[in-house]
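Residues in the sequence shown are numbered from 675 upward in steps of one, following our numbering. For each residue, glycine too, the CB sits at the ideal point set by N, CA and C.
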Amino acid sequence: MIKINCVAVTSVGKVRDNNEDNFYINEYFKKSTSTLSEHYEDNNRRKQYLYAVCDGMGGEELGEVASMIAAKTLAHYQETDIKFTIMDYIQEANKLICNEIINNDGVRIGTTLALLFITAGKAIAYNIGDSRVYLFRNNELMQLSEDHTQVQRLVNMGLIKKDAAANHKDRHKLTQHLGIFPDELILEPHVSQEIDLEQDDVFLLCSDGLTDMVSDDDIADILSDKKEGSESLTEMLISKALENGGKDNVTVVVLKVDMQQGLGKFIKLITRH
Numbered sequence: 675m676i677k678i679n680c681v682a683v684t685s686v687g688k689v690r691d692n693n694e695d696n697f698y699i700n701e702y703f704k705k706s707t708s709t710l711s712e713h714y715e716d717n718n719r720r721k722q723y724l725y726a727v728c729d730g731m732g733g734e735e736l737g738e739v740a741s742m743i744a745a746k747t748l749a750h751y752q753e754t755d756i757k758f759t760i761m762d763y764i765q766e767a768n769k770l771i772c773n774e775i776i777n778n779d780g781v782r783i784g785t786t787l788a789l790l791f792i793t794a795g796k797a798i799a800y801n802i803g804d805s806r807v808y809l810f811r812n813n814e815l816m817q818l819s820e821d822h823t824q825v826q827r828l829v830n831m832g833l834i835k836k837d838a839a840a841n842h843k844d845r846h847k848l849t850q851h852l853g854i855f856p857d858e859l860i861l862e863p864h865v866s867q868e869i870d871l872e873q874d875d876v877f878l879l880c881s882d883g884l885t886d887m888v889s890d891d892d893i894a895d896i897l898s899d900k901k902e903g904s905e906s907l908t909e910m911l912i913s914k915a916l917e918n919g920g921k922d923n924v925t926v927v928v929l930k931v932d933m934q935q936g937l938g939k940f941i942k943l944i945t946r947h
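Written out as structure tokens, the structure reads:
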């Protein structure tokens, strides 16, 4: 069985008064909407692993309510095969957030979702909105998610180049997020290809509080330090975002894959005979 060392850190940043982000790590999530910063580590071996980052938005300081609903609801699906239940989860979380909108006199709230599911030596990523999932492998940073933004739509249509998207005026205008009524839009998550895990793979889930402040090149430079564990990498990413302005809440989840743990034990068992 593979070992995954995972660390999550969320920070309010340098400008905001409240933290609308949340994260989910194998049934654990930020349980208080008033929490400004939190750190969590998980090294337990499991048959399957489930991780997520949710970036809330909305009026009356209810964005953190939306992101917590998304994280809390995901716990109901921890033991399911997300490849078959992802739409059930999205529909349930979306309905609960829409109910919250109704209960708060129509004040619009919502949240992004970046999700990573790992089982049987394979990983698959899902997202709605602009929170991201990356894979760092062989010194290359690969984005597994696809932003649901107006500017990404322009990139996909070939109207602008990807390099121009980072500073485009529409880069924060979401085309999808949890908290949209079904008669307005049917949500369709982006789904990555299924990935066979390799030794020393590093996965990163993050809110745009990181990617708005830190370039992909700088993220790759930080993740390339193989001597550092998940905790150090997470802290370095958060520190870089704050150093560059910290204009938004920032949440980072870093996972390091160790496939040799189980292999070593298997070899020892064989050599005893």
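Let me make sure I understand the geometry here. Which of 675, 865, 797, 711 has the alpha-carbon closest to that of residue 691?
Answer by Cα proximity: 711.
Backbone secondary structure at residue 827 - three-state DSSP
helix
Taking just the CA atoms, how far does residue 921 sit from residue 796?
35 Å
Residue 731 - partner residues in DSSP beta bridges
784
Run the CB neighbour count on residue 845, radius 10 Å, all protein chains shown included, and call it buried at 16 or more, exposed below.
buried
Output the distance between the C-alpha atoms of residue 677 and residue 717, rounded to the nearest integer angstrom.
7 Å
Please determine if the segment 878-893 and the segment 855-863 are in contact, where contact requires at least 3 C-beta pairs separated by less than 8 Å.
no
For residue 763, write down the residues that DSSP places opposite it in a beta bridge.
Checking the DSSP bridge columns, you'll see residue 763 has no partner listed.
Bridge partners - residue 684, DSSP secondary structure assignment
712, 925
Beta-carbon contacts of residue 910 that lie in its chain and below 7 Å, excluding the five residues immediately before and after
Within the same chain, residue 910 has close Cβ partners 896.
Given that a residue counts as buried once 16 or more other Cβ atoms are within 10 Å of its Cβ, and exposed if not, what is residue 850?
Of the residues assessed, residue 850 falls on the buried side of the cut-off, its CB having 16 or more other CB atoms within 10 angstroms.
Under 6 Å Cβ to Cβ from residue 708, same chain only, skipping five residues before and after it: list those, please.
Closer than 6 Å at the Cβ level, and outside the excluded window around residue 708, lies no residue.
What number of angstroms, rounded off, separates the C-alpha of residue 812 from the C-alpha of residue 901?
14 Å
Is residue 758 buried or exposed, if buried means 16 or more other CB atoms sit within 10 Å of its CB?
exposed
Residue from 774, 925, 819, 930 with nearest C-alpha to residue 789
819
Roughly how many angstroms separate the alpha carbons of residue 719 and residue 933, rounded to a whole number?
11 Å
Among residues of its own chain, excluding the 5 on either side of residue 752, which ones have a beta-carbon nearer than 6 Å to its beta-carbon?
701, 724
Compute the Euclidean distance between the alpha carbons of residue 682 and residue 906, then round it to the nearest angstrom.
11 Å
Consult DSSP for residue 939 and reduce its assignment to one of helix, strand or coil.
Per-residue confidence for residue 939 stands at a pLDDT of 40, beneath the threshold of 50, marking its modelled position as unreliable; the derived number appears in the next sentence. The three-state secondary structure of residue 939, taken from DSSP, is helix.
Just reading off the beta strand (DSSP E) that residue 815 is part of, what are its end residues?
814-817
Spatial neighbours of residue 703 within its chain, please: CB distance less than 8 Å, with the 5 preceding and 5 following residues excluded, ordered by chain position.
Cβ neighbours of residue 703 within its own chain (closer than 8 Å, five residues either side excluded): 696, 697, 742, 745, 746, 748, 749.
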